[in-house]
Amino acid sequence: MAISLTESLQIGVNDIMMRKVRSLITVFGIVLGVMSIMVVLAIINGMNKSTMSWMQERGGTNKVEVERNWDYDFRQGGYAALTLAELNQIRGQLPEAVAIGPSITAWGTTMQYKGFSYTDQVIGVLPDHQQMESWYPETGRFFNEIDLRENANVIVLGSSVAKDLFKAENPLGQSVMLKDQMLTVIGIMKEKAWENPGGGAFGGNALEYMNRQSFVPLSTMMNKIEAGSLIRSIQILAKSPEDALAIQKKLGPILLRIKNGRPVFRVSSAQETMQQMKQNSKIFSMIFIMIGMISLLVGGIVIMNIMLASIKERTREIGVRLAIGARRTDIFVQFLVQTVLITGLGGVFGIILGYSILDLVSGYLGMPMLAGPQMILVSLLVSVGVGLIFGIVPAVKASNLDPVMALRDE
Amino acid sequence: MEIIKTQSLIKDYLLGKVRVRALAGIELSIINGEFVAIMGPSGSGKSTLMHIIGCLDSPSAGEYYLDGDLVSKLPKSALAGIRNRKIGFVFQSFNLLPHLNVLKNVELPLMYSGLSARKRKEQASRILDSVGLSDRLKHRPNELSGGQRQRVAIARAIVNNPSILLADEPTGNLDSGAGGDILEIFNDLHKAGNTVIMVTHDRAVAERADRIIEIRDGMIHNGDLAD
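So the sequences go chain by chain: C and G.
Sequence positions in the first sequence follow this note's numbering and run 3 to 412.
Sequence positions in the second sequence follow this note's numbering and run 874 to 1100.
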């Protein structure tokens, strides 16, 4: 005895086609709401993806870092610095680490070869540096543990350094002058490149600075080039993000023991930083989704009002339908379905508009913005949900009309 | 057999805080297959009586039997089904849905009784054929003359094969020619065995019926079956 959903849909489509302009105006708030939610989600998604790929390129989420603890009051004694001996103590206690990467940078040092000179960073590192950065020599070799033990006078050049300093000559086996040390070139690193997918103002090779670095054994740096310098920070690479967290936990007490119980170092992990970032972007998303929700709320109220007005206008039609046998549920379903159809339509328009805007904005800002199918589904569900919620009051009102009164309505 | 029987039917309205008695104890009996006219001046209660007979409204007190069933005590939800199956309405102002074509208008009661789209179309076309409108199926009501519109309304009223046909001033908005045609259709329906109840204030129209029931001040003045 009941009117089926298809009938209701048919009636709803008819009603909407009859009142095209009104339906379009009605739906505007929903279109804007859905659109803004979609655009914001896509921007956030794009930003996350872009940050993640940057992080991955820089060694991923398996990193642990030891740095000066800025919260510690150094007037109580202690230095946030390690000697080679102290470093070796740490290395001995972290066999599970894939790589340990303390580094000492000599900034703006000038390297000379046959009257040519090149000024940029020279960094003292362990052989582990290769695993640490997943970055290996293109030609020649990196220095090894023996070079390290013997404070060998060797250097590995960045690709740009090699090009600029040696031009067409083969640098391998040649000697460069750095401060008062003659260093033999034993390798040249692979070129590093990471293009920002957006290009534009942030375009170009974001990792070019790495190609301008050169490497010497940490011991050579600490004992000869920058004699008396100490290790200020250490990076540690673990097998997995979980391992990184474990190493982070283990490292704190080791450092405390070495430093006589003074918390001069802070141990952090990329995993932790990432979680922090995720937390931040969550808050950011929440704010924008709230804004979208508010516009949906306003849109919903507008729809409710227009549906109420439309029901007033169609009182007589409702009376006729009741007189020929429509039940209250039939009238209720008819108007609810119509509201849902309108908001659903608004959702579809919102998605289309959102997509076009994303296209436009991502082209303009040079930023990748990703709208996935699940976002479309969510947008659609939300708009249908708005229809269901705000359609109830008008539908109840319509279905509660008294048939005699409704038929008398002019 | 009595298709309609009422006992001490009373209907009170609240107008603000004042209680107004629209029906003051109606004893009405209509036999299956009769053609009855209900007459009375405005405010006599004839419209209220028609609404109760048509199950659009319930009495304040008294009993109303339709087709042997006591419907005066039924909840409103059940009345919708009775209106759908047992009653066909014809209104003075036709009350066709303007945005639906003729065929769809006539299909409406069948839709609410749950018939499949194909059967609805079949049945509605057949009925429209019988009132001479088979060439107007796809027209909108505003493309038809008044007489044609009322014929569509009659088709809609009888498409579900109801127990009674209730017409409220069916010729009130028509010229005499078209009105005559409509009354002729009622006459034919009556001859075919249908029960027709017509509310009118026009004596000439009322005279077309077998029996005239006159209502004044909420009571039957004359025309009771006993007369």
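Virtual Cβ for every residue (Gly too), placed ideally from N, Cα, C.
Small disclaimer: the values here were computed from a predicted structure and weren't measured.
With which residues is residue i paired in a DSSP beta bridge?
i	result
Q1 of chain C	Beyond the ends of chain C as shown, which are 3 and 412, falls residue 1 of chain C; an answer cannot be given.
V187 of chain C	C:I157
K884 of chain G	G:L896
Y938 of chain G	G:K878, G:L943
V269 of chain C	C:V68
A1040 of chain G	G:V963, G:M1071
S177 of chain C	C:T186
R93 of chain C	None; R93 of chain C has no bridge partner.
F217 of chain C	C:I125, C:V158
R1084 of chain G	G:V909
L84 of chain C	C:I233
I394 of chain C	DSSP, once it has assigned bridges, lists no residue as partnering I394 of chain C.
Would you say residue i and residue j are within 9 Å of each other, going by their C-beta atoms?
i	j	result
G913 of chain G	R1076 of chain G	no
R1070 of chain G	I1027 of chain G	Reading the sequence as shown, one finds Ile at residue 1070 of chain G and not Arg. The answer is no: Cβ separation not under 9 Å.
I233 of chain C	L89 of chain C	yes
V342 of chain C	L298 of chain C	no
Q336 of chain C	G48 of chain C	no
E900 of chain G	I1058 of chain G	no
R1009 of chain G	V1025 of chain G	yes
G35 of chain C	I305 of chain C	no
F76 of chain C	V158 of chain C	no
G126 of chain C	M276 of chain C	no
R894 of chain G	I883 of chain G	yes
V1072 of chain G	I955 of chain G	no
S177 of chain C	L167 of chain C	no
V100 of chain C	Q133 of chain C	yes
D1048 of chain G	G1020 of chain G	yes
M37 of chain C	G365 of chain C	no
Between residue i and chain C, is any beta-carbon pair separated by less than 9 Å?
i	result
D930 of chain G	yes
K992 of chain G	no
P914 of chain G	no
H972 of chain G	yes
N957 of chain G	yes
G1091 of chain G	no
R999 of chain G	no
K1011 of chain G	no
G1050 of chain G	no
M984 of chain G	yes
Give me the Cβ distance between residue i and residue j, rounded to the nearest whole Å; I'm assuming they're in contact under 8 Å.
i	j	result
R1081 of chain G	V909 of chain G	With a Cβ gap of about 11 Å, R1081 of chain G and V909 of chain G do not count as contacting.
E875 of chain G	S902 of chain G	5 Å
G987 of chain G	I1031 of chain G	That belief does not hold up - the Cβ atoms of G987 of chain G and I1031 of chain G are roughly 18 Å apart, past 8 Å.
E140 of chain C	K192 of chain C	4 Å
P219 of chain C	A154 of chain C	6 Å
V406 of chain C	D930 of chain G	5 Å
Y938 of chain G	I326 of chain C	At roughly 22 Å, the Cβ-Cβ gap does not stay under 8 Å, so Y938 of chain G and I326 of chain C are not in contact.
V388 of chain C	G302 of chain C	5 Å
If you measure from the beta carbon of residue i to each beta carbon in chain G, is any gap under 9 Å?
i	result
P243 of chain C	no
D332 of chain C	yes
M295 of chain C	no
M20 of chain C	yes
G14 of chain C	no
R323 of chain C	yes
V406 of chain C	yes
L403 of chain C	no
I326 of chain C	yes
R24 of chain C	no
E413 of chain C	As displayed, chain C neither begins before 3 nor continues past 412, which places residue 413 of chain C out of reach and without an answer.
L409 of chain C	yes
D17 of chain C	yes
Do residue i and the ligand ADP come close, with the Cβ less than 8 Å from some heavy atom?
i	result
C928 of chain G	The model on display carries no ligand, and the ligand ADP is accordingly not part of it.
Within 8 Å, do at least three Cβ pairs link the segment 946 to 959 of chain G to the segment 1009 to 1016 of chain G?
Look at the beta carbons and you see the segment 1009 to 1016 of chain G not touching the segment 946 to 959 of chain G: under three pairs across the two are nearer than 8 Å.
Inter-stretch contact at 8 Å, needing at least 3 Cβ pairs: the segment 909 to 919 of chain G / the segment 382 to 399 of chain C:
The answer is no - the segment 382 to 399 of chain C does not touch the segment 909 to 919 of chain G, with fewer than three Cβ pairs under 8 Å.
When you compare the segment 954 to 974 of chain G with the segment 1031 to 1047 of chain G, are there three or more beta-carbon pairs, one atom per stretch, that lie closer than 8 Å?
Yes, since at least three Cβ pairs between the segment 954 to 974 of chain G and the segment 1031 to 1047 of chain G fall closer than 8 Å, the two stretches touch.
With contact counted as at least three CB pairs below 8 Å, one residue from each stretch, are the segment 261 to 270 of chain C and the segment 343 to 351 of chain C in contact?
Cβ pair count under 8 Å is below three, so no.
Do the segment 272 to 282 of chain C and the segment 242 to 253 of chain C make contact, defined as three or more Cβ pairs closer than 8 Å?
Using a C-beta cut-off of 8 Å, the segment 272 to 282 of chain C makes contact with the segment 242 to 253 of chain C, since at least three inter-stretch Cβ pairs fall below that distance.
Contact between the segment 278 to 294 of chain C and the segment 253 to 260 of chain C: three or more CB pairs below 8 Å?
Under the Cβ criterion (8 Å, minimum of three pairs), the segment 278 to 294 of chain C does not count as touching the segment 253 to 260 of chain C.
Cβ contact check for the segment 108 to 126 of chain C and the segment 208 to 217 of chain C: 3 or more pairs under 8 Å:
Because the criterion of three Cβ pairs below 8 Å is met, the segment 108 to 126 of chain C and the segment 208 to 217 of chain C touch.
Any chance the segment 351 to 366 of chain C sits against the segment 305 to 317 of chain C, with 3 or more Cβ pairs inside 8 Å?
These segments do not touch.
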